[in-house]
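Novice: The structure is given below, and queries will be raised subsequently.
There are 2 protein chains.
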Amino acid sequence: MTKTGVCYVGVDLGGTSLRALVADDEYKILGVKKVRTLTTGGPARLIHRIAALVESTLEEVGVRRSRVRAVSVGAPGPIDRSRGIVEEAPNLGWRRVPLRSELRQLLRVPVFVENDVNVGLVGEHALGAGRGAKNVVGIFVGTGIGGALILDGKLYEGARGGAGEIGHTVLVVDGPLCGCGRRGCAEALASRTAMERDVRAAIKSGRNSNVLKIMKKKHKERMTSSIIAAALKKNDQVMREVMSRAQFHLGILASNAVNLLDPECVVIGGGIAERLKDSYVDPIRETAYEYFLRPADRDRVRILSGRLGDNAGALGAIVLAKQRLM
Amino acid sequence: MTKTGVCYVGVDLGGTSLRALVADDEYKILGVKKVRTLTTGGPARLIHRIAALVESTLEEVGVRRSRVRAVSVGAPGPIDRSRGIVEEAPNLGWRRVPLRSELRQLLRVPVFVENDVNVGLVGEHALGAGRGAKNVVGIFVGTGIGGALILDGKLYEGARGGAGEIGHTVLVVDGPLCGCGRRGCAEALASRTAMERDVRAAIKSGRNSNVLKIMKKKHKERMTSSIIAAALKKNDQVMREVMSRAQFHLGILASNAVNLLDPECVVIGGGIAERLKDSYVDPIRETAYEYFLRPADRDRVRILSGRLGDNAGALGAIVLAKQRLM
Chain A
1 MTKTGVCYVG VDLGGTSLRA LVADDEYKIL GVKKVRTLTT GGPARLIHRI AALVESTLEE
61 VGVRRSRVRA VSVGAPGPID RSRGIVEEAP NLGWRRVPLR SELRQLLRVP VFVENDVNVG
121 LVGEHALGAG RGAKNVVGIF VGTGIGGALI LDGKLYEGAR GGAGEIGHTV LVVDGPLCGC
181 GRRGCAEALA SRTAMERDVR AAIKSGRNSN VLKIMKKKHK ERMTSSIIAA ALKKNDQVMR
241 EVMSRAQFHL GILASNAVNL LDPECVVIGG GIAERLKDSY VDPIRETAYE YFLRPADRDR
301 VRILSGRLGD NAGALGAIVL AKQRLM
Chain B
1001 MTKTGVCYVG VDLGGTSLRA LVADDEYKIL GVKKVRTLTT GGPARLIHRI AALVESTLEE
1061 VGVRRSRVRA VSVGAPGPID RSRGIVEEAP NLGWRRVPLR SELRQLLRVP VFVENDVNVG
1121 LVGEHALGAG RGAKNVVGIF VGTGIGGALI LDGKLYEGAR GGAGEIGHTV LVVDGPLCGC
1181 GRRGCAEALA SRTAMERDVR AAIKSGRNSN VLKIMKKKHK ERMTSSIIAA ALKKNDQVMR
1241 EVMSRAQFHL GILASNAVNL LDPECVVIGG GIAERLKDSY VDPIRETAYE YFLRPADRDR
1301 VRILSGRLGD NAGALGAIVL AKQRLM
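Read top to bottom, the protein sequences are chains A and B.
When you line the first sequence up against my numbering, it's residues 1 to 326, in that order.
When you line the second sequence up against my numbering, it's residues 1001 to 1326, in that order.
If you want it as structure tokens, here you go:
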């Protein structure tokens, strides 16, 4: 069946890496390929790069183009979904890029475009940590904090496709400055960027920490998930304190969402969760449980790390494409 | 048509007052009657009181029982909607009261029971401030802060009917103590109870204010909406500051909901909004606008006070009953 049945290609278009995944009609993964994103050369060049990656992935797994029912892309920023336009993606340097039509012209198959955080949660809901739940809140922690909502069994996108910005809900009125210009957003308290700010401030104030040395050694300019993991492994006290504070805020963020939306499941995704798994999510869950309005929710609401890892977005994009082709 | 068509009775069962409203099939209000709730004597006595109020209201407007298609009650606390049980209503002293079956036995018409905050928003969505919107967030400020959600055109109740507890989302980590036992919930920052606490603290610390004198003069033990209105009218400085702080927090609360749920409309309801209308909601809207992640939402998201006043709950209960009878 795999040799002749229909296939789908899911694409995860991130700020640093670009991934294509080929799966059959039952979501069996036939092949995955990853390259760096490269934004120099503008949108046209990157779109050609996406098309080339899709083609080479299909070739490697031996799937002819005629078997591909759709290519489905998870892309950053707000998306005009009906027209497949990426409205604004600062980390790609994109503004109103008609990704769908350009990619369709290059590949000559149906193309779908959806927000990257949304496809990540759709993947986890259909095939990963959120399976079987009707209502799932997704919190994705990375450079920023993204969010997505599955409500009453389907992706909830809001009045204008903008729902899910849980990273820009305020947890500490007049708290630290956020990238969005306001103060006290969850993103300014618990993202990787916020954690790096706090680690650097602690070191500047004279605290002892190995984080900057580890970054230098690994030739990283930013405090990536691998740096965080390495520092925690070495029991770096500053890293532990900063992490624990971020987890506390994420616990309250999760609890706010549970009190408001009464879901069965909260999925914590993104790079840190992927790398640290339970040791990251356990303290988040503990705080959330303390902040639940309904104590009985402790037995009813699961708070889990994502299960699909790096493939969540590409798989979710395929799930959405299949739903839209039905 | 009104003389012979079908009718509905909506009942708003509040902690202090009990209201019955008779409307025809087009929501034309034929009559409203209000009595005090009286919880002494236990649930059975209060349920008899509800039945008596329904009957006397019908009698006064000259509607025979045979024309009544349903009686629909908005009741406080979590509701087991499928069985019509009020799970827990501390201000009535109720626990697991089978309101639906008992009322049906007394009145011999179909009875529906739904949460009071939910019916309030359903009323405003169908007939009041939220008309025409597909997604509406309701924030009801009184002794506490209740919330309700209309998403994709219908009441969103969550996995276990518990959705909407926006009053127990944290806005200030480690903020003032809330009635729920946690700290920094919206309810602990902006409810009437929180405002009264702050006014009393200001007076205790030596600030000059007429609020306690106004309460004494009006024979009120609590700082009700009418006390707040009277103090503001007299330009009481403490009252103005406390109100302005509460409005600021409500603005952030509304913005959090907008950033997360991307609705077309936020309805601010409850006693204070009903009494002060725009002068209450305008500053809330201003702060919300400042905290919106998407500046364009300022032109797209309406933030309004409720339009149906005291009748919102009873009318919403009728709207829900009609939907369920379809």
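Glycine is no exception: its CB is placed at the ideal position from the N, C-alpha and C atoms.
Please read these numbers as outputs of a predicted model, since none were measured by experiment.
(1) Determine, using beta carbons only, whether B/N1256 comes closer than 8 angstroms to chain A.
(2) For B/I1047 versus B/L1127, is the C-beta spacing smaller than 8 angstroms?
(3) If I measure Cβ to Cβ from B/V1301 and keep anything under 6 angstroms in the same chain, skipping five residues before and after, which residues do I get?
(4) At which residue ranges does the segment 71-96 of chain A contain complete alpha helix (DSSP H) runs of 4 or more residues, listed in the order of the chain?
(5) So, under 8 angstroms CB-CB, B/L1177 and B/A1188 are touching, yes? Tell me the CB distance rounded to an integer number of Å.
(6) Where does B/L1261 fall in DSSP's three states?
(7) Return the first residue and the last residue of the beta strand (DSSP E) that A/D12 is part of.
(8) Leaving out five residues before and five after A/D24 in sequence, what residues of the same chain have Cβ atoms less than 7 angstroms from its Cβ?
(9) Does B/Q1247 pass the burial test, meaning 16 or more other C-beta atoms within 10 Å, or should it be called exposed?
(10) Considering only the alpha carbon of each residue, which of A/L106, A/Q105, A/V109, A/G138 lies closest to A/L121?
(11) For B/N1210, go through chain E and note every residue whose CB falls closer than 8 angstroms to its CB, in chain order.
(12) What is the DSSP secondary structure of A/M1, counted as helix, strand or coil?
(13) Taking the runs of the alpha helix (DSSP H) that are 4 residues or longer, which of them lie wholly in the segment 245-308 of chain A?
(14) Do the CB positions of B/M1195 and B/M1223 come within less than 8 angstroms of each other?
(15) Under the rule that 16 or more other beta-carbon atoms within 10 Å means buried, what is B/K1322, buried or exposed?
(16) Assuming A/G15 contacts A/N91 under a Cβ cut-off of 8 angstroms, what Cβ separation, rounded to an integer in Å, is found between them?
(17) Taking C-alpha atoms, which residue in B/K1217, B/V1113, B/P1283, B/R1182 lies nearest to B/R965?
(18) Contact check, A/N135 vs A/L151 under 8 angstroms by CB: the rounded distance?
(19) Among B/A1129, B/L1018, B/G1062, which residue has its Cα nearest to the Cα of B/A1075?
(20) Say whether chain B places a C-beta atom closer than 8 angstroms to the C-beta of A/Y289.
(21) Around the C-beta of A/S279, are 16 or more other C-beta atoms found within 10 angstroms, so that it is buried, or is it exposed?
(22) Just to confirm before moving on: does the CB-CB distance between A/A314 and A/L106 stay below 8 angstroms?
(23) Looking at chain A, which residues of the segment 1174-1199 of chain B have a Cβ within less than 7 angstroms of any of its Cβ atoms?
(24) Within 8 angstroms (strictly less), CB to CB, does A/N115 reach chain B?
(25) Hey, which unbroken runs of the beta strand (DSSP E) at 3 residues or more fall wholly within the segment 142-196 of chain A?
(26) Pick helix, strand or coil for B/T1016, following the three-state DSSP scheme.
(27) Given that A/L155 touches chain B, what residues does it touch there, using C-beta distances under 9 angstroms?
(28) What residues of chain B sit near A/N118, judged by a beta carbon separation below 7 angstroms?
(29) Mind listing which residues of the segment 258-288 of chain A have their C-beta closer than 7 angstroms to chain B's C-betas, in chain order?
(30) Just to confirm, are A/G316 and A/V119 a CB contact at a threshold of 8 angstroms?
(31) Is B/V1334 near B/G1146, with beta carbons less than 8 angstroms apart?
(32) Going along the chain, which residues of its own chain have a beta-carbon closer than 7 angstroms to the beta-carbon of A/I272, five neighbours each way excluded?
(33) By the DSSP assignment, the alpha helix (DSSP H) with A/G31 in it spans what residues?
(34) I want to see whether chain B comes within less than 8 angstroms of A/E124, judged by CB atoms only; does it?
(35) Can you round the beta-carbon distance between B/I1303 and B/A1230 to whole angstroms, since I take them to be within the 8 angstroms contact cut?
(36) Is A/G144 close to chain B? Criterion is C-beta to C-beta, closer than 8 angstroms.
Specialist: So, from the listed chains and residues:
(1) Closer than 8 angstroms: yes.
(2) No, these two residues do not count as a Cβ contact at 8 angstroms.
(3) Hits under 6 angstroms: V1258.
(4) none
(5) In this structure, B/L1177 and B/A1188 form a Cβ contact; the two beta carbons are roughly 6 angstroms apart against a cut-off of 8 angstroms.
(6) helix
(7) Looking at the DSSP string, the run of the beta strand (DSSP E) that includes A/D12 is 7-13.
(8) T2, G5, C7, L30
(9) Label assigned to B/Q1247: buried.
(10) A/G138
(11) In the displayed structure, chain E is absent; the protein chains listed are A and B.
(12) Only weak support exists for where A/M1 lies, its pLDDT of 46 falling under 50; the value from the coordinates is given anyway. Of the three classes helix, strand and coil, the one that applies to A/M1 here is coil, per DSSP.
(13) 271-276, 278-291, 297-300
(14) yes
(15) That one is buried.
(16) A/G15 to A/N91, Cβ: 4 angstroms. Contact.
(17) A question about residue 965 of chain B goes unanswered here, because the residues of chain B that appear run from 1001 up to 1326.
(18) About 5 angstroms separates the beta carbons of A/N135 and A/L151, which is inside the 8 angstroms limit, making them a contact pair.
(19) Taking B/A1075 as reference, the option from B/A1129, B/L1018, B/G1062 with the minimal CA-CA separation is B/L1018.
(20) A/Y289 does not count as touching chain B.
(21) exposed
(22) no
(23) Listed in sequence order: C1180, R1182.
(24) no
(25) 145-151, 154-156
(26) In the structure shown, B/T1016 sits in coil (DSSP, three-state: anything other than H, G, I, E or B).
(27) Those within 9 angstroms of A/L155 in chain B number zero; the least Cβ separation is about 11 angstroms.
(28) By Cβ distance, chain B contributes nothing, its closest Cβ being about 12 angstroms from A/N118, past 7 angstroms.
(29) N259, L260, L261, D262, P263, E264
(30) yes
(31) The structure shown has nothing for residue 1334 of chain B, since chain B only spans 1001 to 1326.
(32) V141, R192, S225, I228, Y280
(33) Note, A/G31: premise wrong, no alpha helix (DSSP H); beta strand (DSSP E) at 29-36.
(34) no
(35) That belief does not hold up - the Cβ atoms of B/I1303 and B/A1230 are roughly 26 angstroms apart, past 8 angstroms.
(36) no
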